[in-house]
Amino acid sequence: MRPYKVGINAFADQTNKEFTAARNGLIVPEVCEATSFRYGNATAFPSTMDWRKEGAVTPVKDQGQCGSCWAFSAVAATEGSRLQRGYMEDAFSFIIKNKGIATESTYPYTGSDDTCNKNEKSSEAAKISAYEKVPLNSESALLKAVAHQPVSVSIDASRMAFQFYSSGVFVGDCGTDLDHGVTAVGYGEDQHGTKNWLVKNSWGTS
Numbered sequence: 001m002r003p004y005k006v007g008i009n010a011f012a013d014q015t016n017k018e019f020t021a022a023r024n025g026l027i028v029p030e031v032c033e034a035t036s037f038r039y040g041n042a043t044a045f046p047s048t049m050d051w052r053k054e055g056a057v058t059p060v061k062d063q064g065q066c067g068s069c070w071a072f073s074a075v076a077a078t079e080g081s082r083l084q085r086g087y088m089e090d091a092f093s094f095i096i097k098n099k100g101i102a103t104e105s106t107y108p109y110t111g112s113d114d115t116c117n118k119n120e121k122s123s124e125a126a127k128i129s130a131y132e133k134v135p136l137n138s139e140s141a142l143l144k145a146v147a148h149q150p151v152s153v154s155i156d157a158s159r160m161a162f163q164f165y166s167s168g169v170f171v172g173d174c175g176t177d178l179d180h181g182v183t184a185v186g187y188g189e190d191q192h193g194t195k196n197w198l199v200k201n202s203w204g205t206s
């Protein structure tokens, strides 16, 4: 018996092809250069972590019919350009170049391909001066990073089970076609001892 549930939701009237085209807008570069990794030598970290309980995670947002998952992932990681397809590094670079990001109240998200209002005064809700990458294909490195802060990650969300996911611990073979950006905000294990990652998505609360 699978440890998660699927059900009819707001996306049920879309084919999987329509859904992934609208919601999964991640474009991963062919070459991903490594960076320094500050947590590489970390040896002490908690057995479970939930950054929601630490007040470092804002409510789930809805990107709408816009492939801006990569931007939501980067902003969510920054909390603890354009809106179509992209990569989280683009968003981090923009935040650095722009010297910060505005609050949602001063510059609301519209989910449409509009012209940015460069004259809008930024409230500078958050700033970053640099970013680092978690070493590729290393779950232990990701655990070390998430133990210290929410982390922007790429996943393969092309399966219909993702489209109709309702609750529980999602399990299955790991896909290799990375097409969606989310934020890892914790880790732990369920009542059956199944280890899991706690992930914040940007498809609303449906």
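Heads up, the final residue of the sequence shown is numbered 206 in full-length UniProt numbering, and it's a clean run with no missing numbers. Built from N, CA and C at the ideal position, the CB exists for glycine as well.
On the criterion of 16 or more Cβ atoms from any shown chain inside 10 Å, does residue i qualify as buried, or is it exposed?
i, result
"Val-151", "buried"
"Gly-7", "exposed"
"Leu-143", "buried"
"Cys-32", "exposed"
Which same chain residues end up closer than 6 Å to residue i when comparing Cβ atoms and leaving out the 5 residues on each side of it in sequence?
i, result
"Ala-76", "Thr-183, Lys-200"
"Thr-20", "Ser-158"
"Asp-190", "Val-169"
"Arg-82", "Note that Arg-82 scores a pLDDT of 40, beneath 50, so its modelled location is shaky and nothing firm can be said."
"Thr-205", "Val-60"
"Met-88", "Trp-70, Ser-73, Ala-74, Ser-152, Gly-181"
Quick one: give me the first and last residue of the beta strand (DSSP E) that residue i is part of.
i, result
"Leu-198", "195-200"
"Ala-184", "180-189"
"Leu-155", "The sequence as given places Ile at residue 155; Leu does not occur at that position. Note, Ile-155: beta strand (DSSP E), 151-155."
For the alpha helix (DSSP H) containing residue i, list its first residue and its last residue.
i, result
"Lys-144", "139-146"
"Ile-96", "88-97"
"Asn-73", "First, the residue type needs correcting, since residue 73 is Ser and not Asn in the sequence shown. Segment 69-79, the alpha helix (DSSP H) holding Ser-73."
"Lys-17", "16-23"
Are residue i and residue j close, meaning C-beta to C-beta below 7 Å?
i, j, result
"Gln-149", "Gly-80", "yes"
"Glu-132", "Thr-35", "yes"
"Ala-147", "Phe-45", "yes"
"Ala-56", "Ala-74", "no"
"Cys-66", "Gly-181", "no"
(request) Determine, using beta-carbon pairs with one atom in the segment 35-48 and one in the segment 162-177, whether at least three such pairs fall under 8 Å. (result) The segment 35-48 is not in contact with the segment 162-177.
(request) Determine contact between the segment 51-65 and the segment 180-189, defined as no fewer than three beta-carbon pairs at a distance below 8 Å. (result) Touching, yes, given that three or more Cβ pairs across the two stretches are closer than 8 Å.
(message) Would you call the segment 124-134 in contact with the segment 93-107, where contact means no fewer than 3 C-beta pairs closer than 8 Å?
(response) Between the segment 124-134 and the segment 93-107, the count of C-beta pairs closer than 8 Å reaches three or more; the two stretches touch.
(message) Under 8 Å: do the segment 16-32 and the segment 165-174 share three or more Cβ pairs, one atom per stretch?
(response) Touching, no, given that fewer than three Cβ pairs across the two stretches are closer than 8 Å.
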